[in-house]
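**Q** In the numbering used here, the protein residues as written are 24 to 1007. My structure is below; once you've seen it, I'll send some questions.
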Amino acid sequence: MKMPELLVFAKMFVVGLVAAEVCRTTYYLGTAFVPAIADFPLWAKAIPVLIGLAVCVVYAINRGAHVSAFQMGQSLRFDLLIAMCLGAWSNELAMPWLLKFHAALKAADPYWAPVFLLLFCTMLLSPLVQWHWPRRRQTPSQFRFLADEEIRQETDDLLSNETQAKSFAETVLASGVHSGLVFGVDGPWGVGKTSFINLAERYWERAADKVIVCRFEPLRYASEPDLADRLIRDLSAAIQSKVFAPEFRPAASRYSRLIKGKADVSFLGFKLALEPSQETVDELLDDIDEVLRRIGRRVIVVIDDLDRLDAKTVNNVLFATRRTFKLSQATYVLCYDTEVLAGGKEEGSRAREFLEKFVTVKLSLFVDSSSIRNFLQRDWEKSESQLGSVPSDTMLKLGAVLNELAEILSGDLAAKYLPLLGDLRKVKRFINAILLMQIEKTNLGRTDFNKRDLINLMLLHLNYPGLFRRIYAEETEGRSGTFSIRRKYDEPDFKNADGFAKVKDVHPGSASFLLEQLFDVEVLELGDGRNIEESVLRSRACFNKGDTRNLESFLKLIVRFATPEPQETFVLYQTAVDQVRKGRSIASVLAEAEFALERTETVHDQFWRVLVNQAHDFTSPTAEDAIETLVEYLPRYSSFDNDDRGLRPRSIYSLLRLLDRAGWGRTVGRRRANTPENVIEVAWRIFGEQAYVGKGLLERLASLDRGVLGWNDLMLFRLQCSADRGGQLYNLHTALIIHQDPSAMTSGLVSKLALLGMRRLSQQVFALFKRTYIDAGRNFIAEAREVPVDAFLGQAFAHLHEQASLDPGSEQGDTTIARRVASARAFAASFVIYQLSNALPPNSSGVGCGHYDEVGSEDGAGISRLMNEYVFGFCFSPLVSGDNVLLFLDHCLANLSSPFHTGRDEEGYVATKSGLPGGLDPKAMGRYWLEHRDHIRGLGFQDSGRCVYTPGYTAFYRDDLDGVFSVLNELAEEVTSSTTIQND
24 MKMPELLVFA KMFVVGLVAA EVCRTTYYLG TAFVPAIADF PLWAKAIPVL IGLAVCVVYA
84 INRGAHVSAF QMGQSLRFDL LIAMCLGAWS NELAMPWLLK FHAALKAADP YWAPVFLLLF
144 CTMLLSPLVQ WHWPRRRQTP SQFRFLADEE IRQETDDLLS NETQAKSFAE TVLASGVHSG
204 LVFGVDGPWG VGKTSFINLA ERYWERAADK VIVCRFEPLR YASEPDLADR LIRDLSAAIQ
264 SKVFAPEFRP AASRYSRLIK GKADVSFLGF KLALEPSQET VDELLDDIDE VLRRIGRRVI
324 VVIDDLDRLD AKTVNNVLFA TRRTFKLSQA TYVLCYDTEV LAGGKEEGSR AREFLEKFVT
384 VKLSLFVDSS SIRNFLQRDW EKSESQLGSV PSDTMLKLGA VLNELAEILS GDLAAKYLPL
444 LGDLRKVKRF INAILLMQIE KTNLGRTDFN KRDLINLMLL HLNYPGLFRR IYAEETEGRS
504 GTFSIRRKYD EPDFKNADGF AKVKDVHPGS ASFLLEQLFD VEVLELGDGR NIEESVLRSR
564 ACFNKGDTRN LESFLKLIVR FATPEPQETF VLYQTAVDQV RKGRSIASVL AEAEFALERT
624 ETVHDQFWRV LVNQAHDFTS PTAEDAIETL VEYLPRYSSF DNDDRGLRPR SIYSLLRLLD
684 RAGWGRTVGR RRANTPENVI EVAWRIFGEQ AYVGKGLLER LASLDRGVLG WNDLMLFRLQ
744 CSADRGGQLY NLHTALIIHQ DPSAMTSGLV SKLALLGMRR LSQQVFALFK RTYIDAGRNF
804 IAEAREVPVD AFLGQAFAHL HEQASLDPGS EQGDTTIARR VASARAFAAS FVIYQLSNAL
864 PPNSSGVGCG HYDEVGSEDG AGISRLMNEY VFGFCFSPLV SGDNVLLFLD HCLANLSSPF
924 HTGRDEEGYV ATKSGLPGGL DPKAMGRYWL EHRDHIRGLG FQDSGRCVYT PGYTAFYRDD
984 LDGVFSVLNE LAEEVTSSTT IQND
């Protein structure tokens, strides 16, 4: 009989002996306790017994005693049962030796029995209570990332490895028993080798009556000196967990002692050297193999994560495996990445040689980009159990980025991205990085971020942190460094910075590829930089200068999780325009919360800018809606200087461009050619003719309810229609010319075109002004002083009403807004009067309305004469109202000239003969001064604290009136001299 078997029989014999003695002891204590409970009813005796039995049974089941009993029964080891029975019999034979002990038990206090029973039950109940006691309900996990865990069942298979794993498992099972049979599973990190083995193990478990799987993880024991010993120990534990083989552990222990060699034992200060037996390793392995053959099971030893060990430890593992090849009942499966193992020079070469010698059958694992693409596009939506840690709503917000990532892996550049996204582990790492950006709190679909650029920057951030930090340092805080592209003013194309090529050379491979995809102008193919689409200019990461600091926004999103406000993104306005193009009314779009004027009117400014830029393909209903809505919204916008001209005057030019691009030749379908007979529709819209009777823009802009600011809009509209101003409004200019004279030429000298095109428009505008103010006896300039401040503020700045209503000259409180409103008020009155009375011909600044006559084509400045009569004879006349003198003096002080233009050596603005009239006739002003000079000077306004605010300066009566009076005197003298000469 071999040593392992002898030890097993001896152990069973002792178990029988001890078990019999325990039963005897229990019997003696119980017999002594029975008289003490003789008077108890039967149920009182039965209940403690039943409770004790229940505790024992439940404890045994929880500890798996029933499984062990089943395994022992399956083993049919009657010989061991006989040995146990002999042990029990020997207890009977040994009774004479234990008489004193037994006599002591019989004479003991009877209550020792319940003490031992309660102690025993307490020992068994303690772990049971800990296992089954209800625990405090845990708060639902806030975990929001994807764990890099291997899969354990087929339903978790996202890469379609199930079929291949099943085939491999069947091959291993069908390979039979061969000494030293080693299967190799080769694949890069993250390809899913462990998951693949887990799937294969699921099939091996179905043949549990034939095989036992032992998972050996050398990474856990890499620091131990002898991995062969650890391998045998794990093998022993795996076998004993599946079958009843008591002789296996002694054999494994002997093998362990043999490997370790001589052992030193210290006793009372003396060291004793214990030599191992004279058995050889092969003899011990034969014993172990004999045990495996006897139990009729084959062992599959899986050694995983070899590629995570250093080269020296890998060689030790392979050597340990080699030493156990004597086990004919064992089949080995090694999981590794050859390229990683062979990464070192000397040790790596040895590892490759070992693998070539050991691995009998090799299987290589690959991940197709199509599998990852399918995961990104749809598999993550199949079951919440697969990605249960990430809520569905958050995953849906990831959809835009994941779909773009899937498109990348479907394109021609997929092979370039595989080193960065070639397995599920890398994809999960990428998704976790996106989740870290708090994607659930934003909507990338409503930002300007180009998704592919965001992906490329994220890959740089994850895989090349040093390079990413350099980009961040150079391209944030308003800086433009080596990476962003730039274009010189006099050059059409964008170019890379001088050092960009060197950076690519320093970072070869995937890093260089990502840099090219992000910043290389040749790869990006941007074309002529002067004609680049705004959607590209606002979304690509290569731009990082001026108003388009896209790269900095990308970097802040990744590093600081900072997303721009929707109103700061181009996509908000592009989406709105797309909705308008599809038939949605502009009023409903502007009614959304994102376009609330109460927050800022910048959103409306940007919306109209984007809409007008894309208005060339609008259908007739869309164009009509755009023009009508813009005209309707003008009074809601500001008309004062709020760090820029107010939106109301800026919107006039948007209206003109809208007319030029979309106000003509529209049909439900395609657009007509811009021939004269088609573009004349623009003139019909302006004058309210044909289909637009009663809806003419001239009358709508200057309607009675819009007052002075409406006239300011109309005069600005008229001025911008002049062809000599270079407004790039070809269709509108053509319409005005053809409306004036259908046979006229629409090309040629710009001054002649402007003169012809503006005649009818100017005459109509003056006729409307004459009818509204001159004939009605209304003082336009006086009414301008009465325009409420809210009309200048618009809806966006209505909250500044209190500040705007302050006296602009007051020293109490902040009067900045009040001064700006006062300047806007003065400018509105001066601008309208100047445009109507200006008699100058085309000079690149627009044709003056006063250059024309009321009717006809003689252009004798008749309108200018009528306006001068109206202004000096009515608006400024003290005979009409005493306050008109103040209007006259305010007008003069609002038209002072800068010394830069006068050539004088003076500080501040001064009165000049050329500037003081402000578009009015200097002679008419001189005659007015001759008539009213004494009266005005007698009023003593030179000592007044009154002041006049203009956009460029503030004029004071006490400081500037003397200079004004001097110039007026000069104008009066010129009139007198001219009259004298005429009389002579």
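Yeah, the Cβ is synthetic: ideal placement off N, Cα and C, and Gly gets one too.
Return the CA-CA distance between residue 205 and residue 355, expressed in angstroms with no decimal places.
**A** 5 angstroms
**Q** For residue 671 versus residue 662, is the C-beta distance shorter than 8 angstroms?
**A** yes
**Q** Counting Cβ pairs, one atom from each stretch, are 3 or more of them under 8 angstroms apart for the segment 249 to 260 and the segment 234 to 241?
**A** yes
**Q** Could you pull out every residue in the same chain whose Cβ sits closer than 7 angstroms to the Cβ of residue 910, ignoring the five residues on either side in sequence?
**A** 804, 805, 898 and 899
**Q** Expressed to the nearest angstrom, what Euclidean distance is found between the alpha-carbon atoms of residue 1000 and residue 882?
**A** 28 angstroms
**Q** Locate the alpha helix (DSSP H) running through residue 128, then write down its first and last residues.
**A** 122 to 130
**Q** According to DSSP, which residues form a beta bridge with residue 238?
**A** 325
**Q** Would you say residue 137 and residue 56 are within 8 angstroms of each other, going by their C-beta atoms?
**A** Inclusion of residue 137 and residue 56 in the CB contact set at 8 angstroms is warranted, their separation being smaller than that value.
**Q** Taking the alpha-carbon positions, what's the residue 826 to residue 793 distance?
**A** 36 angstroms
**Q** I want to know whether the segment 855 to 863 touches the segment 941 to 960 - three or more CB-CB distances under 8 angstroms.
**A** Remark: three or more beta-carbon pairs, one from each stretch, lie closer than 8 angstroms, so the segment 855 to 863 and the segment 941 to 960 are flagged as touching.
**Q** Evaluate residue 436 with the Cβ neighbour count: other Cβ atoms within 10 Å of its Cβ, from every protein chain shown; 16 or more gives buried, anything less gives exposed.
**A** So residue 436 ends up on the exposed side.
**Q** Give the list of continuous beta strand (DSSP E) stretches no shorter than 3 residues that lie fully inside the segment 924 to 999.
**A** 970 to 972 and 977 to 979
**Q** Sorry if obvious, but does the Cβ on residue 515 come closer than 7 angstroms to a heavy atom of the ligand GTP?
**A** For the ligand GTP, the structure offers nothing, since it holds no ligand at all.
**Q** Quick check on this structure: which residue in 868, 889 and 866 has the alpha carbon closest to the alpha carbon of residue 876?
**A** 889
**Q** Quick check on DSSP: helix, strand or coil for residue 565?
**A** coil
**Q** For my contact list, residue 630 and residue 599 are in at a C-beta cut-off of 8 angstroms; report their separation, rounded to the angstrom.
**A** 6 angstroms
**Q** Rounded to whole angstroms, what is the Cα-Cα separation between residue 848 and residue 835?
**A** 22 angstroms
**Q** Determine the closest residue to residue 706 out of 763, 654 and 788, with distance taken between C-alpha atoms.
**A** 763
**Q** Go ahead and label residue 29 buried or exposed: buried means 16 or more other beta carbons lie within 10 angstroms of its beta carbon, across all protein chains shown.
**A** exposed
**Q** Span of the alpha helix (DSSP H) holding residue 785?
**A** 773 to 792
**Q** Looking at the secondary structure, which residues open and close the alpha helix (DSSP H) in which residue 893 lies?
**A** 885 to 893
**Q** I need the DSSP call for residue 207, collapsed to helix, strand or coil.
**A** In this structure, residue 207 counts as strand in the three-state DSSP scheme.
**Q** Are residue 537 and residue 482 closer than 8 angstroms when you measure CB to CB?
**A** yes
**Q** Could you check what DSSP says for residue 828 in three-state terms: helix, strand or coil?
**A** coil
**Q** Looking only at its chain, what residues have a beta carbon closer than 6 angstroms to the beta carbon of residue 946, apart from the 5 residues adjacent to it on each side?
**A** 998
**Q** Locate the alpha helix (DSSP H) running through residue 758, then write down its first and last residues.
**A** 753 to 763
**Q** Apply the 10 Å Cβ neighbour rule to residue 800 and answer buried if 16 or more other Cβ atoms are within range, or exposed otherwise.
**A** exposed
**Q** Less than 8 angstroms between the C-beta atoms of residue 614 and residue 473, yes or no?
**A** no
**Q** Unbroken alpha helix (DSSP H) runs of length 4 or more, entirely within the segment 665 to 730: which are they?
**A** 670 to 685, 699 to 702, 704 to 710 and 720 to 724
**Q** Can you tell which of 683, 36, 915 and 224 has its C-alpha closest to the C-alpha of residue 650?
**A** The closest CA to that of residue 650, considering only 683, 36, 915 and 224, is found on 683.
**Q** Return the chain-ordered ranges of every alpha helix (DSSP H) run that is complete within the segment 523 to 552 and spans a minimum of 4 residues.
**A** Counting only runs of 4 or more, we get 523 to 529, 533 to 542 and 544 to 547.
**Q** Tell me whether the segment 384 to 392 and the segment 206 to 217 touch, counting them as touching only if at least three CB pairs, one residue from each stretch, are closer than 8 angstroms.
**A** yes
**Q** Reducing DSSP to helix, strand and coil, say where residue 660 ends up.
**A** coil
**Q** Could you check what DSSP says for residue 320 in three-state terms: helix, strand or coil?
**A** coil
**Q** Quick one: is residue 738 buried, meaning 16 or more other Cβ sit within 10 Å of its Cβ, or exposed?
**A** The residue is buried, with at least 16 neighbouring Cβ atoms inside 10 Å.
**Q** According to the neighbour-count rule (16 or more other Cβ atoms, all chains shown, within 10 Å of its Cβ), is residue 966 buried or exposed?
**A** exposed
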